[in-house]
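Residues in the sequence shown are numbered from 6 upward in steps of one, following this note's numbering.
For reference, the structure is listed below as structure tokens.
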Amino acid sequence: MSRRAVAVRIEGIVQGVGFRPFVYGLATRLGLAGLVGNDERGVFIEVEGGSAPVEEFLAALTGDPPPLAVIERITTGPAPVTGRRTFAIAPSAAGGDRHALVSPDVATCDACLRDLTDPADRRCGYAFTNCTGCGPRFTIVRDVPYDRANTTMAGFRMCADCAGEYHDPGDRRFHAQPVCCPACGPSLRFDGPGGSGAAGDPLETAVRLLREGGVLAVKGLGGYHLAALAAHEPAVAALRSRKHREDKPFAVMAGDVAAARRLCVVDPAEERLLTGPARPVVLLRRLPDASVAPSVAPSVAPGNRWLGVLLPYTPLHHLLLRALGQPIVLTSGNVSDEPIVYRDEHALERLGGIADAFLTHDRPIHIRTDDSVVRVFRGRDLPIRRSRGYVPHPLPLARAARRPVLACGAELKHTFCLVKDDRAFVSHHIGDLENYETLRSFTEGVDHFRRLFDITPEVVAHDLHPDYLSTKWALDQDADLVGVQHHHAHIASCLADNGVAGPVAGVAFDGLGYGSDGTLWGGEFLVADLAGFERAGHLAPVPMPGGATAIRQPWRMAAVYLDLAYDGDVPEDLDVVRRNAGQWAAVVALARRGVNAPLTSSMGRLFDAVAAVAGVRDAITYEGQAAVEFEQLADPAVDDAYPCGLVSAGTRFAVPGVELVRAVAGDLRAGVPREVVAARFHNAVARVVADGCTLVRKACGLSTVALSGGVFQNLLLLGRAVTLLEERGFTVLTHHRVPPNDGGVSLGQAAVAAAMAANSPIRGVRRELSQARHTWFGGMSETGT
Ligand SMILES: [Zn+2]
Ligand SMILES: [Zn+2]
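Structure representation (structure tokens):
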């Protein structure tokens, strides 16, 4: 029989994911000899044996790799036949693993789930079971290289059984750094009303507390959660009031997909996301309450047609949900908008007033990491928050940075981003960067990422807003500074997300961002590539009476828009006027005088205004609430739209938002149902998007559009805008790896800073644009284009 030898090289995410044991197992099963090892480029293999088994080996390598492996490239070539008889795992070359990428945390795999429920297995019922295919990673890593000694498992000495598995190349726990068992690993503990470390089985005691309607703090992978039975209204209501969370929906953890289907509609893309290794909270369409049992208590997601659902992602979650047999609310362990608690010493102090008891353990969490939140748009992920399960996996940049970059992000939903070469490491969700605590999370996070990925930034990118803590911090750094306009960063983020460099027609709709002219932008049409941008059009600016107060009180924006729409003579039969009669005149006066009323072109504020006019909400308790509820109000069967002609505004075009508000008020006064009004408004904004992009295409030929900014989390608007744009022949880029909201801004800043030095095609487009500008409307129609 002829003997054959082949050398194989595999690149991609192939380290720390069980690739070597997989290769070892495959080769020995097929009776092949050779070796497999890690080096700085990935995995190398030499394999020899009979022709047929070698072929089978090569086919299986790509056909059935470990679930977490991502093979980017595989190359094979002939190797000399040595006549060796065994297969071995080669020791790593010195330093070879030093900068192997740290993986995100991974949900419990099927094999570990079997161990968890197999009475014959020593890990049966053990809450910290893991292997190379699953378990904690990013949240326990203190330093590189990624060895047990550099994780929060350092204090747990492996028992002989675990050490045997750890050193056995044929075992799926070979080199699994957090490997452990009941004899040697972390243990659960219940701290309850009966004092700390209460007697009895911690899990059983916790289950009893939940069944009786208690609120339980549970230590998870990246922080503490607060849990209560989802069907138990008094428990959920108590959790809500103790947490000072008035309206913002809670997420629900269901035991499995079947349990999720009893609450919500789950399509195949959503199922893939729910059951995948990242296990984010997935926003799903709720079934009507009456049809589900056990149902979800009204306080879980009041008045919301969507429900955030996630499946268990640690053995502890699996054990809890199995014992309970019904879904639980699982929400971040914090008060109001504070960062999630992750240190044991803070848990009792900060959560003691909320939780009746604690189900905790002695494996420390090194870095706070919130659950990720994702929606599905047209079969693809649309991240709302990218954190646990995704971070710190790098995103590829279309253009490599010549010098390492740190991008400091914005303020709300803060993230930062470090770039080396063509890899962008977007951080976990830091929170709203508004106080000392989150600022410290940010700076400690930067230090941690610098160490993990061996990046010393030479360029620091920041927002233009002078009052953002991230900007102030950036300005103190000893590095080359690059200020990036907020909406340019949004568009650049969408470009980077899609791996393209532009130029494009960029539509950035959000709450607020500091504009290059010192006013507050937020309804922007930009011609942009990574290196630069021009403002082609925008929502016509209006005053924001009371500044930030107008963000918390959408009715103030309604007052401004209605005052303009009716030229100071607002019909008094509008409900919004009656409801706010006491302060109406004062607020309108503030806006007219322009005192403490900064100008804004924000699309978020226009949504606020219309939502208040339609009676959805005059004041909000969480960011974007009025717009979120207004989207849910809209009847998706309505196809017509309010007219809104774009107008010339000097060198740019403007969107007269006032016309839309007038149309909304007129319909409401005429008794048109609010559901129809909401839909017509959404359709009108979608048409505005398409009309603005069409103007830009006429002016400078760009037929690719990038949609970004928090307003595009609105699926009704996003869907209608994409459909219209595609009907008109545009290629449309939307987000699928980072959020369209400010959580994606750091990636955009980084991409801009990385591209600044490169020769940019924006210059040519800019020239065309400036020639077209004075003729947005007149000139072009005269020449018949
Ligand atoms: Zn596993
Ligand atoms: Zn052990």
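Think of the CB as a built atom: it goes at the ideal place given N, C-alpha and C, for glycine as much as any other residue.
Proximity winner among the options, relative to residue i (alpha-carbon distances)
i: G338; options: L268, P187, D261 and R373; result: R373
i: W311; options: R380, P508 and P409; result: R380
i: V663; options: Y318, V681, S607 and T709; result: S607
i: A533; options: G551, V512, Y318 and P508; result: P508
i: N43; options: R178, P96 and L31; result: P96
i: G488; options: V505, A614 and G520; result: G520
i: P462; options: C186, R216 and P409; result: P409
i: L335; options: L417, C117, P320 and A235; result: A235
i: H371; options: G260, A755, T156 and A203; result: T156
i: E529; options: D515, R34 and G537; result: D515
i: R393; options: A360, R194, T144 and L604; result: T144
i: V820; options: N503, A759 and A756; result: No answer is possible for residue 820: it lies beyond the span of the chain, which begins at 6 and ends at 790.
i: A759; options: R8, C139, E238 and A497; result: A497
i: C114; options: Y318, G436 and R90; result: Y318
i: E449; options: G30, E439 and S432; result: S432
i: D747; options: A513, T87 and D110; result: A513
i: G794; options: R153, A125, C167 and A74; result: Missing from the structure shown is residue 794; the chain here goes from 6 to 790 and no further.
i: P285; options: V257, G190 and Q718; result: V257
i: Y441; options: V464, D485, S377 and P344; result: P344
i: A684; options: G706, A642 and V693; result: A642
i: T210; options: L325, A125 and A116; result: L325
i: P397; options: P239, T739, T420 and L208; result: T420
i: S377; options: V111, A65 and L37; result: V111
i: A494; options: A479, A484 and G511; result: G511
Residues of its chain near residue i, where Cβ-Cβ distance is below 7 angstroms and the 5 sequence neighbours each way are ignored
i: P661; result: A545, C649 and V652
i: E16; result: R46, G47, E77 and R78
i: R557; result: A624 and I625
i: W589; result: A564 and V582
i: D386; result: L278, V379 and H741
i: Y566; result: V547, A614, G662, V663 and V666
i: A259; result: A265, L268, V314, L316 and P332
i: V593; result: A564 and D568
i: G101; result: Low per-residue confidence applies at G101: pLDDT is 46, beneath 50, and the placement is therefore not dependable, though the value from the model is reported in the following sentence. Closer than 7 angstroms at Cβ, skipping near neighbours: N43, D44 and E45.
Residues near residue i in its chain [Cβ-Cβ closer than 6 angstroms; skip 5 each side]
i: G308; result: none
i: H687; result: A639, L721 and L722
i: L517; result: L525, G527 and S607
i: S108; result: G21 and R142
i: R14; result: F49 and T80
i: R702; result: S708
i: D126; result: D120
i: G749; result: S498 and V743
i: C136; result: C117, R177, R178 and A181
i: F717; result: L723 and P745
i: R25; result: V41 and I94
i: T739; result: L712
Chain-order list of residues whose beta-carbon lies under 8 angstroms from that of residue i (same chain, five-residue window excluded)
i: P85; result: A10
i: N764; result: Unreliable placement is indicated for N764, whose pLDDT of 45 sits below 50; the coordinate value is still reported in the next sentence. Nothing meets the Cβ criterion.
i: N601; result: P550, G551, G552 and L595
i: R383; result: G724 and V727
i: P254; result: V305, A306, P307, N309, W311, L312 and G313
i: S7; result: G55 and S56
i: R247; result: V220, G358 and I359
i: P58; result: L35, G36 and L37
Ligand 2 site residues, beta-carbon cut 5 angstroms against heavy atoms
Checking every Cβ against the heavy atoms of ligand 2 under 5 angstroms gives C164, C167, C186, A188 and C189.
Give every residue whose Cβ lies closer than 5 angstroms to any heavy atom of ligand 1, listed in chain order.
Result (chain order): C114, C117, C136, G138 and C139.
4-residue-minimum alpha helix (DSSP H) runs that sit fully inside the region 33 to 85, ordered along the chain
Whole alpha helix (DSSP H) segments, 4+ residues: 56 to 68.
At what residue ranges does the region 664 to 705 contain a whole run of the alpha helix (DSSP H), taking only runs of 4 or more?
Positions of the alpha helix (DSSP H) runs, each at least 4 residues long and wholly inside the region 664 to 705, are given as 679 to 705 in order along the chain.
Which complete beta strand (DSSP E) runs does the region 135 to 201 hold, if anything under 3 residues is left out?
As far as the region 135 to 201 is concerned, its whole beta strand (DSSP E) runs of at least 3 residues are 193 to 196.
Every unbroken beta strand (DSSP E) inside the region 414 to 452 [3 residues or more]
With a minimum length of 3 residues, the continuous beta strand (DSSP E) runs that stay inside the region 414 to 452 are 422 to 425 and 428 to 431.
Going along the chain, which unbroken runs of the beta strand (DSSP E) with 3 or more residues stay wholly within the region 187 to 270?
The DSSP assignment places complete beta strand (DSSP E) segments of no fewer than 3 residues inside the region 187 to 270 at 193 to 196, 221 to 224, 229 to 234 and 256 to 258, in order along the chain.
What are the start and end residues of each continuous beta strand (DSSP E) run of 3 or more residues lying completely inside the region 502 to 587, in chain order?
Runs of the beta strand (DSSP E) inside the region 502 to 587: 509 to 519, 525 to 533 and 538 to 544.
Which full runs of the beta strand (DSSP E) of 3+ residues lie inside the region 308 to 333, going along the chain?
Within the region 308 to 333, the complete beta strand (DSSP E) runs of at least 3 residues are 311 to 315.
Residue ranges of each alpha helix (DSSP H) within the region 734 to 763, 4 or longer
You should have 750 to 760.
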